Amino acid sequence: HDPAFAFWREEAAKRGYASSIAMPLKNSEGTFGFLGIYSASTDVFDEEEVALLVEVADDLAFGIVTLRERAERDALTQERAYLATHDQLTGLANRPLFVDRLQQALSHARQHEHPIAVVCLDLDNFKQVNDSFGTAVGDEVLREIARRLSGVLRGGSTAARFSSGEFVLLLTEQESKADTSVTLIQILAVVREPAYIAGKEITVTASIGCSFYPADGDDPEILLRRAKVSMHRAKEIGRDEMSFFAAGLDSAIIERMNLEIDLRHAVRDSELVLHYQPQVHLGTGKLVGLEALMRWQHPQRGLISPAAFIPLAEDSGLIVAMGEWALREGCRQAREWQDAGVLGATVAINLSPRQFRDKRIVDTVRSILQETGLDPPQLELEITESSIMRDVDHVIAIMSEFKSLGATLSI
1269 HDPAFAFWRE EAAKRGYASS IAMPLKNSEG TFGFLGIYSA STDVFDEEEV ALLVEVADDL
1329 AFGIVTLRER AERDALTQER AYLATHDQLT GLANRPLFVD RLQQALSHAR QHEHPIAVVC
1389 LDLDNFKQVN DSFGTAVGDE VLREIARRLS GVLRGGSTAA RFSSGEFVLL LTEQESKADT
1449 SVTLIQILAV VREPAYIAGK EITVTASIGC SFYPADGDDP EILLRRAKVS MHRAKEIGRD
1509 EMSFFAAGLD SAIIERMNLE IDLRHAVRDS ELVLHYQPQV HLGTGKLVGL EALMRWQHPQ
1569 RGLISPAAFI PLAEDSGLIV AMGEWALREG CRQAREWQDA GVLGATVAIN LSPRQFRDKR
1629 IVDTVRSILQ ETGLDPPQLE LEITESSIMR DVDHVIAIMS EFKSLGATLS I
């Protein structure tokens, strides 16, 4: 008879209801629902009936909570299983799942005697995308590339992401190398298409390497390694290229990979040295400057020419750390010679294109000059033409800052 329920009573009476009861359904956090029962008879819910329905409601609540918890546990188990086998960023297969599918594909290929292809794809200079636009944009680029790769693949094939910009593809039931070439050309093309992300047009290219079963091996790790070897060969050719595995590539690329490992140790273990080439005025014979040239004093291989390791340092990104070391060591040595009264000339130090594009380069040079005490006019920074041909506005700003700092630039 509560006035607040007058409307409800009228509507219930129209439908033939004469009595009702609502039993709360509770969990540990409170009431999450109710069990509503309606009857056409009056005075249905006496004390005995209510006591029974309380038990029914409690049992129902317990059952619902149990089912929910089980569903949540199952969903969590499925999510964990998915994360254990897929790349979280792109949704593609990860390495363990890819190797498992490759193993299954090899078993099937042996039974039916058809070839399969393993493709290693690495985005060219992807680090520059992250450095220039930020990792959020870089992540979206990776998602877009993953979508494009998935769109190219036919049924039975698999795409996976192994690391930052490295993708691996399994192409099943390949009719011939020519058939695979058509697919790889298509992949290069779809990767190359501009992506429009956060209001920016971003274009990346890829280097692709490919190995085949049974011609290049019948073991997942061998096929993967040889596809990666071929990919490195594509990068050496000039990027935005594809390369198939061939005898002889293995040893050459392994040697290159070993050299890269040694180079990382060289930076860590102080194996790099600077040699100084004098710059002499031809008319007076006076020493006017020194150019610092980096060398690598390898503990087993001896002195290694920069022609052998600078391109490797550029590709691996080590050039930034190596360049910073060269700047610091060159400035320190020049200051030491000046203090000893044996040198009043400038010291010239090369900045690699990647180093020059680094947003921290001006702050790095300023900090090193302050640290070593070298007068800025005594430092000459050498840059290549290619360094200043990209993002001209940024380059002009950097050069202006160097000018304000007092350092000399030469191209």
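Residue 1269 is where the sequence shown starts when you use this note's numbering, and the numbers rise one by one after that. No residue lacks a Cβ here, since even glycine has one placed at the ideal position from N, Cα and C. What you are looking at is a predicted structure, and each value in this text was computed from that prediction instead of being measured.
Across which residues does DSSP place VAL1556 in a beta bridge pair?
Partner residues in a beta bridge of VAL1556, as assigned by DSSP, do not exist.
Just to confirm my understanding: we take TYR1481, look at its own chain, exclude 5 residues before and 5 after, and list those with CB closer than 7 Å. What are they?
Within the same chain, TYR1481 has close Cβ partners LEU1374, ALA1377, PRO1383, ILE1384, LEU1491.
I want to know whether the region 1448-1468 touches the region 1393-1407 - three or more CB-CB distances under 8 Å.
Yes, the region 1448-1468 touches the region 1393-1407.
Helix, strand or coil: how does DSSP classify HIS1533 here?
helix
For ALA1352, which of ARG1338, LEU1673, ASP1368, GLU1337 has the nearest alpha-carbon?
ASP1368
According to DSSP, simplified to helix, strand and coil, what is TYR1285?
coil
Report yes if the C-beta distance between ALA1428 and ASN1362 is below 8 Å; otherwise report no.
Cβ atoms of ALA1428 and ASN1362: closer than 8 Å.
Using the rule of at least 16 other Cβ atoms within 10 Å of the residue's Cβ for burial, across every protein chain shown, is ASN1618 buried or exposed?
buried
How is ARG1584 classed by DSSP in three states: helix, strand or coil?
Position check: residue 1584 holds Ser in this sequence, whereas Arg was assumed. Note: SER1584 maps to helix in three-state DSSP.
With DSSP as the reference, label LYS1627 as helix, strand or coil.
coil
Going by beta carbon distance, what residues of the same chain come within less than 6 Å of GLU1528, once the five residues before and after it are set aside?
LEU1580, SER1584, listed in sequence order.
Taking SER1678 as the reference, give the member of HIS1662, PRO1645, VAL1660 with the closest Cα.
Comparing Cα positions, the closest option is PRO1645.
Would ALA1463 and ASP1390 be called neighbours here (beta carbons separated by less than 8 Å)?
no
Hey, which unbroken runs of the alpha helix (DSSP H) at 4 residues or more fall wholly within the region 1278-1366?
List check, alpha helix (DSSP H) in window: 1315-1353.
Could you please give me the residues that DSSP links to PRO1482 through a beta bridge?
BP columns for PRO1482 are empty, so no partner.
Quick check: what's the CA-CA separation for ASP1607 versus GLU1597?
15 Å
Which whole-angstrom value is the C-beta distance of SER1511 and ARG1494, which I expect to be below 8 Å?
With a Cβ gap of about 11 Å, SER1511 and ARG1494 do not count as contacting.
Going by other Cβ atoms of all chains shown within 10 Å of its Cβ, with 16 needed for buried, is GLU1297 buried or exposed?
It is exposed - the Cβ of GLU1297 has fewer than 16 other Cβ atoms within 10 Å.
Do three or more CB pairs link the region 1338-1346 to the region 1309-1318 at distances below 8 Å?
Between the region 1338-1346 and the region 1309-1318 there are fewer than three C-beta pairs closer than 8 Å, too few to call the two in contact.
To which residues of the same chain is ARG1600 closer than 6 Å at the C-beta, ignoring the five residues directly before and after it?
THR1640
Which first and last residues belong to the alpha helix (DSSP H) in which ALA1515 is found?
No alpha helix (DSSP H) contains ALA1515, which DSSP labels as neither H nor E.
Give every residue of the same chain whose Cβ lies closer than 6 Å to the Cβ of LEU1437, excluding the five residues on either side of it in the sequence, and list them in chain order.
VAL1387, ALA1427
Go through its chain and collect everything with a Cβ distance to LYS1294's Cβ below 6 Å, but skip five positions before and after it.
ALA1329
Looking at C-beta atoms only, is the number of pairs between the region 1569-1580 and the region 1622-1630 that lie closer than 8 Å three or more?
no
Taking 8 Å as the limit between beta carbons, can you name the residues of its chain near GLY1557, skipping five residues before and five after?
PRO1546, GLN1547, ALA1613, THR1614, VAL1615, ALA1616, GLU1648
If you compare alpha carbons, which of ASP1392, ILE1455, VAL1450 is closest to LEU1417?
ILE1455
Starting from ILE1455, follow the beta strand (DSSP E) in both directions and report where the run begins and ends.
First-last for ILE1455: 1445-1460, but that is the alpha helix (DSSP H), not the beta strand (DSSP E).
Have a look at SER1288, GLY1301, PHE1300, ALA1319 and flag the residue whose alpha-carbon is nearest the alpha-carbon of SER1309.
SER1288
To the nearest angstrom, report how far apart HIS1566 and HIS1380 are at their CA atoms.
50 Å
Report, in whole angstroms, the separation of the C-beta atoms of LEU1410 and THR1358, which I expect to be a contact under 8 Å.
6 Å
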